[in-house]
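Written out below as structure tokens is the structure these notes cover.
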Amino acid sequence: MLGGYLLIMATLGFGLYRLCRPKTGDRHGRSLPAGRPGGLPAATGSRRGWLALARQVTGTAVGGYLMLMAVVIAYYYGVARVAGDFLTSAFTGTAMLIGIAVPLFGAASWLTGRRRRRGSDTTGEPPGRGP
Amino acid sequence: MVQHPLVGYLVWAALFGALFAWEGLSLAGAGSLPTLSDVFRVIMRYPVGRWALFALWLWTGWHFFVRGWHFLLRA
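Top to bottom, those sequences are chains A and B.
Per my numbering: the first sequence = residues 1 to 131.
Per my numbering: the second sequence = residues 132 to 206.
Shown next as structure tokens:
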């Protein structure tokens, strides 16, 4: 519970700090650059787009997993020795969630890209980026 | 703290109540507060921010859907 609280507050605090930092001509920093929310670089080809997406998803999943494991280990050894198979459950349970979510995300992204390409084929518009 | 789990629930209720109140006020345009979407968009610009959000998502899923549900992990 403490770990989740610290993660929420640190993440939101960082976002608020960056958002509310005064910028020239933008009082609240709302003028965000056009593009994808994750800062994915614009790719010209579909293949490059898929590679960039896969790289970003992999990096996010691995980085987030390692970050959570670091928090969990620090909490277990530094704050409270939670009874039961706490550490084992943390390592295997979150890995299982990633194993479920990442393929589903990939499939949803592929379906979305396919639908977008089909739509552009029927309307005659130039096809957009892959993912 | 262990003897008083109600305090933990109250803290979480207050935290989420504050978040919902913040979102409501920002969507209503009161005081030109940034919405949570704005905040998350800024956080997700940075790799460390994406890691933290993903870790938060993982922790939430693990806490509510995996811990204690032993049949999911039973061999």
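Even glycine gets a Cβ: it sits at the ideal position worked out from N, Cα and C.
Bear in mind the structure is a predicted one, so any value in this text is a computation, not a measurement.
Please return the same chain residues whose Cβ sits closer than 8 Å to the Cβ of B/L150, not counting the five positions on each side in sequence. Sequence-distant Cβ neighbours of B/L150 in its own chain, meaning closer than 8 Å and more than five residues away, are L167.
Quick one, which residues of the region 54-70 of chain A are near chain B if we go by CB-CB under 7 Å, in chain order? Listed by position, the residues of the region 54-70 of chain A near chain B (Cβ gap below 7 Å) are G59, T60, A61, G63, G64, Y65, M67 and L68.
Sub-8 Å separation of A/G106 and B/P178 beta-carbons: no
Please report the distance separating the alpha-carbon of A/L111 from that of A/G78. Taking the straight line from one Cα to the other gives about 45 Å.
Are there three or more Cβ pairs, one per stretch, closer than 8 Å when the region 84-99 of chain A is compared with the region 184-199 of chain B? yes
From A/R118 to B/L146, what does the alpha carbon distance come to, in whole angstroms? 44 Å
Within the continuous alpha helix (DSSP H) that includes B/W153, where are the two ends? Per DSSP, B/W153 belongs to the alpha helix (DSSP H) from P136 to A159.
Residues from the region 74-100 of chain A in contact with chain B, defined by Cβ distance under 8 Å: S89, A90, T92, G93, T94, M96, L97 and I98
Start and end of the alpha helix (DSSP H) containing B/A183? P178 to G192
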